[in-house]
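Asker: So in the working numbering the end of the sequence shown lands on 638, straight run, no missing numbers. Quick one: structure below, then a few questions.
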Amino acid sequence: MAKSAKSAMPRRDFLATGIGLAAAPLFLPSSGVFAAPRKPDMVVVRGGGDLTPEEASYRRLKKGVDRLGGLAALIKGKNVLIKVNATERTSQDGNTSPAATIALLRLCRECAPADITVVGHEWGGYDSIRAGQPTLRQVIKKDGAGLIELPHYWTKGSEGAYKLTKPEGDVWSELWVAKGLFEPDTVVLNLARLKTHPHCVFTGCVKNVIGLTRNMYGFHKKDDKQWPKNHGNPAGCDGWPVFARKLAHAFRDVIGPQIALHILDAGQPTFGWRGPAPERIHTFDAHTTIVGTDALAMDVYGCGMLKAQRPDIYVDPLGPWNQGDSPYVTQNKPQLNYLVECGRIGVGETNLAKVNIDEFTIG
C-alpha cells in the first residue's frame, strides 16, 4: 500500500524490522560504523488528481527523483538526451504524455544542464494531437530544447547518425544505435509511457529503447540486415520468436548501460494501442509516476498496474503470455513473456520482492 510522503519507507525494511525501525541507521559490529541509507531501486509516486496534469506530473517526478539523490547530481553541466515515446501519429494517448514531458523538461531546467535534447527514431508522434493538449513538438519548442528526429533506415546516409555495435550472442548481426548516447558528458533519460502493445502484450521502459536504433525492424526479423516488406507494420516479420532475446541483448549489452534514469509515465496508462482487436485505445487515471534505475523491474510493476485495472482481460506480469483467450494473448506474436525472458538474460530484476521500492503519495 502507498504511504504518505512523511511515512514512506522501503517495504522490505519495514517487514524485516516488524516495528518500523529500519529507518534508523544500522550499526554493523564488524566494522564499527553506521551503514549508509540505501537508495531505492525504484520509487513509485501517486497522487495529484486535484492538480493540473502538468503540475501533478512534475511533483510526482520531483519527489521520486529527489528520493534517488536528485536530478542535479546527474545532469548539472551535462548534455541531456531525453528519449520519449512518440511512435503513434493518430492518437496522442499512444505516446509519452505532454504532461510528463513538460514535467521532465521543467525539472531538467531547474538543474542547470549544459543542453537538453529530445531524441528518437519515431513515426510521426511528435505532431499527434489530443483535444485540449499541445503536441509533443510544441512542448519541446516552448521549452527551447532541441529535437533530433533520427533518420529512418531507408534514408540515404542515415548510418551517419548511428554507431555500429554488436551485442553479445548470435541473435544480432549488427545493431546501429544513436551516436549521441556515447558522447562524453552526456546523460540519457528514458521517459516511456505505460501502455499495452498489439503484438507483444506490453511496452514500457525496456522496449522504448528500440526508438534509439536505426534498424529497429531488426528486433522483429531473424536477419537484421534484411529490410522488412512493410516498413510501417512489423506484424508479419519472421523474427518474433527471437524478439525477446534480441531486445534483451540490445538493452543489456549496448543501450541500457548508457541510460542514467528511467521514468515510466503512468499518469494515464493506455490500453488498446493499435489493438489487438477488438481492443480500442483508451486510458484510465492512475496519477502515478515511476522512477528508477532498473527498467525491467519498473516494467514488471507497470504491467501489474494494467493487470490490476482489468484483471479479466489482461495478463499477469510474470505469467504465461500464451495461454487463455484474451486478445492480448491470442495475438501475442512471440508467444512468450518477453519480460520473463529479459530477466533470464540479465536485463534486470523481475522478482519485485528483491527490489528496493519506495512508495509515496503526494498531497
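Note that CB positions come from ideal geometry on N, CA and C, so glycine has one too.
Should the region 533-550 be regarded as contacting the region 467-484, the criterion being three or more beta carbon pairs within less than 8 Å?
Answerer: The answer is yes - the region 467-484 touches the region 533-550, with three or more Cβ pairs under 8 Å.
Asker: How many Å lie between V590 and Y603 at the Cα?
Answerer: For the purposes of this step, residue 590 is taken as residue 315 along the sequence shown, with counting starting at 1. For the purposes of this step, residue 603 is taken as residue 328 along the sequence shown, with counting starting at 1. Cα to Cα, V590 sits roughly 8 Å from Y603.
Asker: Roughly how many whole angstroms lie between the Cα atoms of C578 and G435?
Answerer: Stepping through the sequence shown from its first residue, residue 578 is reached at position 303. Stepping through the sequence shown from its first residue, residue 435 is reached at position 160. When rounded, the distance between both Cα atoms is 36 Å.
Asker: Under 8 Å between the Cβ atoms of R313 and N631?
Answerer: Taking the first residue of the sequence shown as position 1, residue 313 is located at position 38. Taking the first residue of the sequence shown as position 1, residue 631 is located at position 356. Yes. Within cutoff.
Asker: What are the boundary residues of the alpha helix (DSSP H) that N483 is part of?
Answerer: As a position in the sequence shown, residue 483 is number 208, starting the count at 1. Per DSSP, N483 belongs to the alpha helix (DSSP H) from C480 to N483.
Asker: Using the C-alpha atoms, what's the distance from R549 back to L343?
Answerer: One-based indexing of the sequence shown puts residue 343 at position 68. One-based indexing of the sequence shown puts residue 549 at position 274. Taking the straight line joining both Cα atoms gives about 35 Å.
Asker: Going by other Cβ atoms of all chains shown within 10 Å of its Cβ, with 16 needed for buried, is D498 buried or exposed?
Answerer: Position 223 of the sequence shown holds residue 498. So D498 counts as exposed.
Asker: If you draw a straight line from the alpha carbon of C617 to that of A523, how long is it in whole angstroms?
Answerer: By one-based count along the sequence shown, residue 617 stands at place 342. By one-based count along the sequence shown, residue 523 stands at place 248. Their backbone Cα atoms lie some 5 Å apart in a straight line.
Asker: Going by Cα to Cα distance, which pick from K608, K338 and K504 is closest to A519?
Answerer: Indexing the sequence shown from 1 puts residue 519 at position 244. The shortest Cα separation from A519 among K608, K338 and K504 belongs to K608.
Asker: In three-state terms, what does DSSP make of L382?
Answerer: Counted from its first residue, the sequence shown places residue 382 at position 107. Helix.
Asker: Figure out for me which residue from C480, K351 and R381 has the closest Cα to the Cα of A389.
Answerer: Indexing the sequence shown from 1 puts residue 389 at position 114. With distances taken between Cα atoms, A389 lies closest to K351.
Asker: What is the DSSP secondary structure of Y492, counted as helix, strand or coil?
Answerer: Counting from 1 along the sequence shown, the entry for residue 492 is found at position 217. Of the three classes helix, strand and coil, the one that applies to Y492 here is helix, per DSSP.
Asker: Along the chain, where does the beta strand (DSSP E) containing Y333 start, and where does it finish?
Answerer: If you number the sequence shown from 1, residue 333 lands on position 58. Careful: Y333 lies outside any beta strand (DSSP E), inside the alpha helix (DSSP H) at P328 to R342.
Asker: Check each candidate in E385, V355 and T545 and name the one with the smallest Cα separation from R555.
Answerer: Taking the first residue of the sequence shown as position 1, residue 555 is located at position 280. Per the Cα distances, T545.
Asker: Reducing DSSP to helix, strand and coil, say where G437 ends up.
Answerer: What you label residue 437 is simply residue 162 of the sequence shown in a count that begins at 1. Just to set this straight, residue 437 is Tyr in the shown sequence, not Gly. Strand.
Asker: Taking contact to mean 3 or more Cβ pairs, one atom from each stretch, closer than 8 Å, check whether the region 415-428 and the region 389-405 are in contact.
Answerer: Counting Cβ pairs under 8 Å, three or more are found: they touch.
Asker: Could you tell me which residues DSSP pairs with L487 in its beta bridges?
Answerer: For this step, residue 487 is matched to residue 212 along the sequence shown. Paired residues: none, contrary to the question.
Asker: Can you look up L536 in the DSSP assignment and give me helix, strand or coil?
Answerer: Counting from 1 along the sequence shown, the entry for residue 536 is found at position 261. In this structure, L536 counts as strand in the three-state DSSP scheme.
Asker: Quick check on the DSSP output: the alpha helix (DSSP H) that includes Y518 runs from which residue to which?
Answerer: Looking up residue 518 in the sequence shown gives position 243. Per the sequence presented here, residue 518 reads as Phe, with Tyr not at that position. Note, F518: alpha helix (DSSP H), F518 to H524.
Asker: Going by DSSP, which residues form a beta bridge with Q408?
Answerer: Walking along the sequence shown from the start, residue 408 turns up at place 133. According to DSSP, Q408 bridges with R405.
Asker: With contact counted as at least three CB pairs below 8 Å, one residue from each stretch, are the region 394-409 and the region 357-370 in contact?
Answerer: The answer is yes - the region 357-370 touches the region 394-409, with three or more Cβ pairs under 8 Å.
Asker: Which residue marks the beginning of the beta strand (DSSP E) containing E634, and which one marks its end?
Answerer: Counting from 1 along the sequence shown, the entry for residue 634 is found at position 359. It spans I632 to T636 - the beta strand (DSSP E) in which E634 sits, taken as one unbroken run.
Asker: Taking only three categories from DSSP, how would you classify D390?
Answerer: Along the sequence shown, one-based indexing puts residue 390 at 115. D390: strand per DSSP, three-state reduction.
Asker: Quick one: what's got a C-beta closer than 6 Å to D528's C-beta in the same chain, skipping five residues either side?
Answerer: Residue mapping note: residue 528 aligns to position 253 of the sequence shown, counting from 1. Same-chain partners within the cutoff: P442 and E443.
Asker: Between T605 and G547, what straight-line distance do the alpha-carbon atoms span, to the nearest angstrom?
Answerer: Sequence index remark: in the sequence shown, residue 605 carries index 330 (1-based). Sequence index remark: in the sequence shown, residue 547 carries index 272 (1-based). Cα to Cα, T605 sits roughly 14 Å from G547.
Asker: Is it buried or exposed, L296, if we count other Cβ atoms within 10 angstroms and call 16 or more buried?
Answerer: Locating residue 296 in the sequence shown gives position 21, counting from the first residue. Any reading at L296 must be qualified, since the residue scores a pLDDT of 27, below 50, and its modelled position is unreliable; no value is offered.
Asker: Nearest to P551 by alpha carbon, out of C383, C475, A535 and E385?
Answerer: Position 276 of the sequence shown holds residue 551. Closest option to P551, Cα to Cα, is C475.
Asker: With DSSP as the reference, label A628 as helix, strand or coil.
Answerer: Locating residue 628 in the sequence shown gives position 353, counting from the first residue. In this structure, A628 counts as helix in the three-state DSSP scheme.
Asker: For a cutoff of 8 Å on Cβ pairs, would you count E329 as touching chain D?
Answerer: Here there is only one protein chain, and chain D is not present.
Asker: With a threshold of 7 Å on Cβ separation, who are the neighbours of Q584 within its own chain once the five nearest residues in sequence on each side are excluded?
Answerer: As a first step, residue 584 is located in the sequence shown; it is residue number 309 there, counting from the start. Contacts found: F559.
Asker: Return the residue from the list V318, R489 and S332 that minimises the CA-CA distance to T430.
Answerer: Taking the first residue of the sequence shown as position 1, residue 430 is located at position 155. That would be R489, whose Cα lies nearest to the Cα of T430.
Asker: Can you give the Cα-Cα distance for L411 and I377, rounded to whole angstroms?
Answerer: Start at 1 with the first residue of the sequence shown, and residue 411 comes out as number 136. Start at 1 with the first residue of the sequence shown, and residue 377 comes out as number 102. Going from the Cα of L411 to the Cα of I377 covers about 9 Å.
Asker: Distance check for L326 and L536, CA to CA, integer angstroms please.
Answerer: Residue mapping note: residue 536 aligns to position 261 of the sequence shown, counting from 1. Residue mapping note: residue 326 aligns to position 51 of the sequence shown, counting from 1. Roughly 25 Å separates the two Cα atoms.
Asker: Among the residues of its own chain, which have a CB less than 8 Å from the CB of P315, if the five just before and after it don't count?
Answerer: Looking up residue 315 in the sequence shown gives position 40. Around P315: P285, R342, L343, G567, N631, I632 and D633.
Asker: What separation, rounded to the nearest whole angstrom, lies between the Cα atoms of W398 and C386?
Answerer: For the purposes of this step, residue 398 is identified with residue 123 of the sequence shown, where counting begins at 1. For the purposes of this step, residue 386 is identified with residue 111 of the sequence shown, where counting begins at 1. Straight-line Cα distance between these residues: approximately 30 Å.
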